[in-house]
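Visitor:
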Amino acid sequence: MKTPVLPHPDPDRLAALDHEALLAALHQRVEAAWRLCREVHPGLPRPRVWCDLRGKSAGQAHFGRGGLRFNPVLLAENREAFLVEVVPHEMAHWLVQHLDDGHLARPHGREWQTVMRRLFGLEPRTTHRFDTHRASPAPHRYRCACREHGFTARRHALARRGHRYRCRHCAQTLVYLGRTMPENGS
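If you read the sequence shown in full-length UniProt numbering, its first letter stands for residue 1, the second for the next number, and so on.
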């Protein structure tokens with residue numbers, strides 16, 4: 001395995017960045033990854049960048065919108081790993097999709113893995129290992145026979161409208177317990 005091709009960001013510098021400067025660093029990293037991809041595919045269009053992704057996903061190559069979406073909460077909490085791993089991960093998707101037969105490739109298939117290894121010099125990991133608690137809060141508590149489950153506001157609303165959820169382990173219907181108290185009293 002070769003070393004990562006994109007320069008490794010300075011963790012101390014990243015830690016000192018405010019929100020706007022961190023977003024600028026994200027855009028710079030996307031630009032650097034895009035320029036690297038253009039060395040092997042000169043016709044690759046520049047992706048637009050949004051920081052509007054919510055939930056547990058760190059990033060998403062969104063071909064319909066023509067760009068890359070990133071989760072601002074996970075970016076802020078995992079600055080170095082996000083820039084080193086997530087940006088190349090999504091840019092690899094962007095590159096593979098724009099190859100001649102890219103629309104036929106599996107999302108994390110051979111082509112994507114090759115881009116991650118050979119172009120970015122990274123081990124192709126399909127999922128991140130970030131703590132998603134604050135990025136994807138599940139304040140509504142439900143219970144079955146074997147454990148407690150956290151529901152997001154959307155899933156809780158569906159349950160309140162009559163949708164029944166069962167535990168995947170014990171198959172018992174989940175019962176609403178109430179809300180989890182927010183941290184810091186907010």
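Glycine is no exception: its CB is placed at the ideal position from the N, C-alpha and C atoms.
What does the alpha-carbon distance come out to for the pair V87 and D100?
Guide: Cα to Cα, the separation comes out at about 22 Å.
Visitor: DSSP state of R141, grouped into three classes?
Guide: Three-state DSSP puts R141 in a strand.
Visitor: Please state if the CB of L22 and the CB of A92 are separated by a distance shorter than 8 Å.
Guide: Against a cut-off of 8 Å, the Cβ pair of L22 and A92 comes out as no contact.
Visitor: Please classify Q60: does DSSP put it in a helix, a strand, or coil?
Guide: It is a strand residue.
Visitor: In the DSSP output, which residue or residues are listed as bridge partners for E148?
Guide: Note: E148 sits in a beta bridge opposite R143.
Visitor: Kindly give me the distance between the Cβ atoms of R48 and R65, rounded to whole angstroms, as I take these residues to be in contact under 8 Å.
Guide: Sure, about 7 Å apart at Cβ, within 8 Å.
Visitor: So who's on the other strand from T173, going by DSSP bridges?
Guide: Answer is R166.
Visitor: Pull up the distance between the alpha-carbon of C146 and that of R161, whole angstroms please.
Guide: The alpha-carbon atoms of C146 and R161 are separated by roughly 24 Å.
Visitor: Would you mind stating whether H128 and A58 have Cβ atoms separated by less than 8 Å?
Guide: Against a cut-off of 8 Å, the Cβ pair of A58 and H128 comes out as a contact.
Visitor: In its own chain, which residues sit with a C-beta less than 6 Å from the C-beta of Q113, not counting the 5 before and 5 after it?
Guide: Cβ neighbours of Q113 beyond the five flanking positions: P124.
Visitor: Report buried or exposed for Y142, applying the criterion of at least 16 other Cβ atoms within 10 angstroms of its Cβ.
Guide: Burial call: buried.
Visitor: Measuring CB to CB, does E85 end up less than 8 Å from V96?
Guide: Their beta carbons are not under 8 Å apart, which means E85 does not touch V96 by this criterion.
Visitor: Given a cut-off of 8 Å on the beta-carbon distance, is the pair L83 and R117 in contact?
Guide: Not a contact, by the Cβ cut-off of 8 Å.
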